[in-house]
Every structure is written in C-alpha cells, then in structure tokens.
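What follows is one structure encoded as structure tokens, with my remarks underneath.
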Amino acid sequence: MATDKNIIKNWFRNGLKPTQEQFWAWQDSYWHKSEKIPQQQIEGLDGSLANKADASQLNGKAEKDASGLTEDNVIAWKEALGVGELPSNIATVDEGEKVGNTHTKEQIEELLTLESVTTRGNYTPVDIAFNQEKTLNVGFDKVQRFTYVGDFNKQNVGIDNVIIGQLTLQNATKVSNTVAIGNEVGNGVTEGDNNVLVGTSVAKYGSKLYGSTFVGAGAGIAPGMGKPISDVRELSPVIANSRFMKKDSFGKYMFGIDLNDPSDDYIVNSGMSTIVGASYNSSSNPTTFLMSTIIGASPYFNVLFRSYNNIFIGSGNWSTYTRVQFVNSMVIGNNLDFGVGSGFRNGILAIHNDPNNFTKIDQALITGHFGERWFKVNGKINLDMSRTPNANGDDNFNKTLTINGNGTIGYEDKPKKRKLMLRNDIPVNTETPTDIEALSVYLEAGKNYFIDFHFAFDFKGYLGMQYFASFYSNELTEMYPIYEDFQVGTVAINTRESMDLYNSNSGYTYGNGFYQYSNNKDFSYKFLFNPPVNMSLKLMVKGIPMDQVRKDYLMKKGSYIEIEEII
10 MATDKNIIKN WFRNGLKPTQ EQFWAWQDSY WHKSEKIPQQ QIEGLDGSLA
60 NKADASQLNG KAEKDASGLT EDNVIAWKEA LGVGELPSNI ATVDEGEKVG
110 NTHTKEQIEE LLTLESVTTR GNYTPVDIAF NQEKTLNVGF DKVQRFTYVG
160 DFNKQNVGID NVIIGQLTLQ NATKVSNTVA IGNEVGNGVT EGDNNVLVGT
210 SVAKYGSKLY GSTFVGAGAG IAPGMGKPIS DVRELSPVIA NSRFMKKDSF
260 GKYMFGIDLN DPSDDYIVNS GMSTIVGASY NSSSNPTTFL MSTIIGASPY
310 FNVLFRSYNN IFIGSGNWST YTRVQFVNSM VIGNNLDFGV GSGFRNGILA
360 IHNDPNNFTK IDQALITGHF GERWFKVNGK INLDMSRTPN ANGDDNFNKT
410 LTINGNGTIG YEDKPKKRKL MLRNDIPVNT ETPTDIEALS VYLEAGKNYF
460 IDFHFAFDFK GYLGMQYFAS FYSNELTEMY PIYEDFQVGT VAINTRESMD
510 LYNSNSGYTY GNGFYQYSNN KDFSYKFLFN PPVNMSLKLM VKGIPMDQVR
560 KDYLMKKGSY IEIEEII
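Quick note on the working numbering: the sequence shown kicks off at 10 and runs consecutively.
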C-alpha cells in the first residue's frame, strides 16, 4: 500500500531517525525494477490500446515507401488501380532542393514575357498574325532575305527588301534592294534596282525603273519602254555623257543597260529619278524619266513624252497645249501653265507663285535659260541698302550697270575718281616751299586725267601764294622737266572765284612745273593732263608777302586734290 509522499518527507527531516516500519512503508510506496507493473495500474492504458491494431492485423500491410511490397504485390496494386505502367517522361515540378522537369503556373507567368522569349531565340519559320479586326502579318523570308509587314504576295522575287503593306510588289520581278510601303505600291514594276516606293499604286505602270525613288499615290507612272542612247545624246548631252549612263556596272544598275547589247546605240531605261506626288496617269505625263526630280501633286500635268534632266516642284501645274515636252529645265511654283508657244521648253528656268492668276511659265517672276546663261526678273528689283556694300571711295567698285531698250543689263567702266584731302592744318611760311606730301598723286602713262586743286588758307593781310606743281618719278626721287603739252603760265587770281586753266598759256613757263599767285583764301585750279610716262604729281606751296615782310600762315584741313581718269 502506498504512503502519502508528504508523510514520507516528514519522516526523513533533519534530526529525525525513521523507524523500521517507516522505512518499509517508504519502500512499499514505489515499484521496484524487478517488479512488473500490472496493466490495470497504468492510467488510460486501456483507452490507448483500444485504438491500436493487433500484430495479426498488420500482416500484409505496405510501408509508406512501399518497401514492404513484393513484386507480386506491386502488380496486384497496379491491376487494382488500373494505372498500368507509368510513362518514363512523366512531368515533375520543383520541390525544395529537388529540381523538376517542368514549371508551375506561377513560374510560367514569369517566364512567358516577350522579352524573355526573344532572348532565348527570335526566329520563327511561320508568320506572326495579330488578329484585331484586321489581320497584320509580320514575316521574314530567309530564302529571299526580306522582311514584310502585311499581306505579302509571294509572286514577288526580291533580295534585301523591306516590304510594308498589302499587295506590295505584287507583279514585280527581279526587284532588289527595294523598300516598298503602301497598298499596291509595286504593281507593274519589273527589273528595278535600288528603288524606294512609298504610297498607293506609286509605280503601277512602271517598267524598268532603276535607281529611282517614288513617294505618293501614282507618282511613278511611266509606262514607256527605254530610249536609245542616241535620243538622250540629242536632247540632254549632259546626262548621256554622265558617268552613270555608260555601258558598265553603273549603267546596268542605274538605267538597266544591257551589258551584252552589241549595239553602240544601246537602250536606256527610266532611272535615277525621285518622284514625290500624285495625279498622274499614262496619258497625261511623261513616259520616260531620266535623272529627274519631280515633287508635288500634278507638278506638270499634260506634259508628255520624255522627262530628261528636269527639276519640277509644285502643284496644280498643267499645259494648255498638248504634246508638250520639257527637258533640262527647272520649274518651281504652283498654278503655272506650261503651254507656251515661244519655244521656252529646253533648258529653261521659271519660278513663280501668283496668288490671283494662272500664269504662263515664260511670264513667271523669274525666268531664265541655263544653256544661254541668262535670267530675267519680270518685275521690279529693290535692294536692301542696309545689306548693300557702300562703294564710296572704294576703287574696287569700278564698273557701272547700264540697260538697253530691251531690258538687257550691261556694264561700262566707271570713271575713276580719287580725292586726296588734308586731314589737318599745315603751316606754310614765306621763306621755303612747303611740301604737301598728303596731296601727292600717282598718274599712269597714256591716260587722260582731269585734275582739280581746291585750297583754303588762313592768313591776314595781302599775301601772294606761289604753288609749284612738279612731276616726279613714282618714288618721288627724280623730277621730270616740264612737257610741251603742259605749259601753264602764271596767272594772278585776285577774286574768290575759281580760275579755269584749260588750255591757258600766258607765254611764261616755270622751269619745273607751274606756279600761281593769289591773295584769295579759297580758290581752285582745274586742268587736263596726259602723262607720257608713269609719274607722280607733287604739290609744294610758298607764301610771298607783297610788303616783303615774312609771315606765317596755314593751308587749312579740307584742302584737296581731285583726280578723275577720263575714259
């Protein structure tokens, strides 16, 4: 019988000595290792054992890892479950550190972005179709090496092309290096090289259009076949002699010239043209384009046959005359009439844009002829004076313009006039002549000069002034003697008026030139002179007082010599 645990503790307190009975009671309160504990003494054991199977019941049961199954057991289970043999390529997913051979839905959502797909490879052998009301196909042909967007027609044969739009180059053959954008852009274009066609039916009736650019609805309609090189030489020698029109690789790719053609008069096809615009058809525009740039909606409607070496820019232009042809010309403007009867058709220039009237091209504001190298302004000419050089005193401006009765402008030599002026007062005395270096003039042999002296002085009283106009070599080192055709005598000037010395001769000649007395403060000399040799005219001044008293005076600034060369 078990004794209470607290009673046993009281028996063994400090200072107490348990009795034999107490010691035995303590031992009897616990199970000894050698003793077996009865099942009924274990609390809850009956309930726990009630939920357990007997060993006999576990016979034939399989372990979780199937280690308890025999081969016969496995076969029996498969037959009972109806699973048969599992495939060797069964899918597994990642679990912990174990890596499966397929992805979960969450993993797939992360991996199926366009960027992740194209990073792993960007080629598909089939078209990609975007279905949103209309169908748009994007493809790349590895055999013919071109990319297309739209309904690409396989009748095309091309290399290195970019094709965008429906039915582009539908009937074209042997097209290379071509960009075509638009609906039915390439209808009728055959054997074209290095072309750019943008728009609807841009080259619908084209034939052998080489090295050309077409932009706009119907811009490249040129149904005519090629022309012999002799035709080009006659109408536009400059392009016939061009490096690009020889019978070589340039001519082959730019104008479709047949290198195997034995004839010297080989065929040249339309090429090297840029056409941007619309409103063309086969009966109202040229049939052959050679080196032409055409920009605008109907830049020259009803102008036929050939377009050789033309630059036409504009809209709403047409010809009131039929069967008109233009070559080697440049026309810029709107609402112009090409129908002129003056032969103004070859090598012409016309620029005009009238806001009110339909204008003949020979009446354009600016007209011209490239071959004859003239241009005409059919209107007024105004200069912006703030942007026009000032020619005053500039000897480089030595021509003047003149106009005849027909309006033709010519030029003539401008009379050369030079003016040398004193910038400061110069002292002059009555003892020695004063050299006026600032008024030294160079004269060229064999030319006629009109020389005009204008002097101003500052002095008091009556004073005679003596002027020496002497002739020296160009470097002013050697004085020439006076010449027979220039003998001007002394003339006293007693008035303030200018004295004209044309052909005057008093019979007296000063040995080294001419001199003049005057008591005026302002006066001038004028004379004609034709120097036989190149020389310089040098001026010296000396005062001679009438009362023999030495006086000082000034030649004032503003005094000048003017020399005009007479043509």
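Heads up, the beta-carbon is just placed ideally off N, CA and C, and yes, glycines get one too.
DSSP state of Asp371, grouped into three classes? Along the sequence shown, read from residue 1 onward, the residue named residue 371 stands at position 362. Reduced to three states, the DSSP call for Asp371 is helix.
Check the DSSP bridge columns for Gly286 and list the partner residues they point to. For the purposes of this step, residue 286 is taken as the residue at position 277 of the sequence shown. DSSP output for Gly286 lists Gly305 as bridge partner(s).
Coil, strand or helix - Trp33 by DSSP: Taking the sequence shown and counting its residues from 1, one reaches residue 33 at position 24. Three-state DSSP puts Trp33 in a helix.
Note down the Cα distance separating Asn514 from Tyr420, rounded to an integer number of angstroms. Stepping through the sequence shown from its first residue, residue 514 is reached at position 505. Stepping through the sequence shown from its first residue, residue 420 is reached at position 411. With a pLDDT of 35 at Asn514, under the threshold of 50, the modelled position of this residue cannot be trusted, and the question is left open.
Given a threshold of 16 other Cβ atoms within 10 Å of its Cβ, counted over all protein chains shown, does Phe367 qualify as buried or as exposed? Sequence index remark: in the sequence shown, residue 367 carries index 358 (1-based). Its Cβ having fewer than 16 others within 10 Å, Phe367 is exposed.
Inter-residue CB distance, Gly195 and Gly280 (contact presumed, cutoff 8 Å): Indexing the sequence shown from 1 puts residue 195 at position 186. Indexing the sequence shown from 1 puts residue 280 at position 271. Going by Cβ atoms, the distance from Gly195 to Gly280 rounds to 16 Å, so no, they are not a contact pair.
For Val247, does the three-state DSSP call read helix, strand or coil? By 1-based counting over the sequence shown, the position of residue 247 is 238. Helix at Val247.
Taking only three categories from DSSP, how would you classify Thr443? Taking the sequence shown and counting its residues from 1, the one referred to as residue 443 is at position 434. Thr443 falls in the strand class under three-state DSSP.
For Asp240, the residue or residues it bridges with in DSSP: Working through the sequence shown from its first residue, we reach residue 240 at position 231. Answer is none; Asp240 lacks a bridge partner.
Would you kindly work out how many angstroms separate the C-alpha atoms of Val247 and Ser282, rounded to a whole number? In the sequence shown, residue 247 corresponds to position 238, counting from 1. In the sequence shown, residue 282 corresponds to position 273, counting from 1. About 15 Å.
I need the DSSP call for Val340, collapsed to helix, strand or coil. As a first step, residue 340 is located in the sequence shown; it is residue number 331 there, counting from the start. Looking at Val340 - three-state DSSP - the assignment turns out to be strand.
Smallest Cα separation from Asp444: which of Pro541, Ile137, Ile412, Leu548? Working through the sequence shown from its first residue, we reach residue 444 at position 435. Comparing Cα positions, the closest option is Leu548.
Where does Gly9 sit, in a helix, a strand or coil, going by DSSP? Nothing about residue 9 can be read from this structure; the chain reaches only from 10 to 576.
For the stretch 349-409, which segments carrying the beta strand (DSSP E) assignment without a break, of at least 3 residues, lie completely within its bounds, in sequence order? 357-361, 375-378, 383-386
Residue environment, Pro295, which counts as buried when at least 16 other CB atoms sit within 10 Å: As a working mapping, residue 295 is identified with position 286 in the sequence shown. It is buried - the Cβ of Pro295 has at least 16 other Cβ atoms within 10 Å.
Would you mind sorting Asp202 into buried or exposed? The rule is 16 or more other CB atoms within 10 Å of its CB. In the sequence shown, the residue the question calls residue 202 occupies position 193. When all chains shown are included, Asp202 counts as buried.
For the beta strand (DSSP E) that contains Phe21, what are its first and last residues? Reading the sequence shown from its first residue, position 12 is the one you call residue 21. Taken as a continuous stretch (DSSP letters only), Phe21 belongs to no beta strand (DSSP E), as it is neither H nor E.
Based on the DSSP secondary-structure assignment, which residues constitute the bridge partners of Met300? By one-based count along the sequence shown, residue 300 stands at place 291. DSSP output for Met300 lists no bridge partner at all.
For Gly356, decide whether its Cβ has a neighbour in chain C, counting only Cβ atoms nearer than 9 Å. You won't find chain C in this structure, because it holds only one protein chain.
Which one of Glu574, His463, Val542 has the shortest CA to CA distance from Val550? Locating residue 550 in the sequence shown gives position 541, counting from the first residue. Minimum Cα distance to Val550 is reached at His463.
Name the two residues that bound the continuous beta strand (DSSP E) containing Ser316. Residue mapping note: residue 316 aligns to position 307 of the sequence shown, counting from 1. 312-317 is the extent of the beta strand (DSSP E) around Ser316.
If you measure between the beta carbons of Val207 and Gly225, is that distance less than 9 Å? Translated into positions along the sequence shown, residue 207 becomes position 198. Translated into positions along the sequence shown, residue 225 becomes position 216. A contact, by the Cβ cut-off of 9 Å.
Rounded to the nearest angstrom, how far is the Cβ of Val241 from that of Leu299, given a contact under 8 Å? The count along the sequence shown starts at 1 and reaches residue 241 at position 232. The count along the sequence shown starts at 1 and reaches residue 299 at position 290. Yes, they are in contact, since the Cβ atoms of Val241 and Leu299 sit about 7 Å apart, within 8 Å.
Taking the alpha carbon of Val184 as the reference point, which residue from Val171, Gly191, Asn192 has its own alpha carbon closest? Taking the first residue of the sequence shown as position 1, residue 184 is located at position 175. Among Val171, Gly191, Asn192, the Cα nearest to that of Val184 belongs to Val171.
Go ahead and pull the three-state DSSP assignment for Ser57. For this step, residue 57 is matched to residue 48 along the sequence shown. Reduced to three states, the DSSP call for Ser57 is helix.
Are three or more beta carbon pairs between the stretch 315-322 and the stretch 335-355 nearer than 8 Å? yes
I'd like the span of the beta strand (DSSP E) that includes Leu563, first residue to last. Within the sequence shown, the letter at position 554 stands for residue 563. Segment 562-564, the beta strand (DSSP E) holding Leu563.
Under the three-state DSSP convention, the category Met254 falls into: Along the sequence shown, read from residue 1 onward, the residue named residue 254 stands at position 245. Looking at Met254 - three-state DSSP - the assignment turns out to be helix.
Same chain, Cβ closer than 8 Å to Pro424, neighbours up to 5 away in sequence not counted: Locating residue 424 in the sequence shown gives position 415, counting from the first residue. Cβ within range, chain order: Glu573, Glu574, Ile575, Ile576.
Taking only the alpha-carbon atoms, compute the straight-line gap between Ile343 and Pro308 and give it to the nearest angstrom. Your numbering for residue 343 matches position 334 in the sequence shown. Your numbering for residue 308 matches position 299 in the sequence shown. The sequence as given places Asn at residue 343; Ile does not occur at that position. For Asn343 and Pro308, the distance between alpha carbons rounds to 8 Å.
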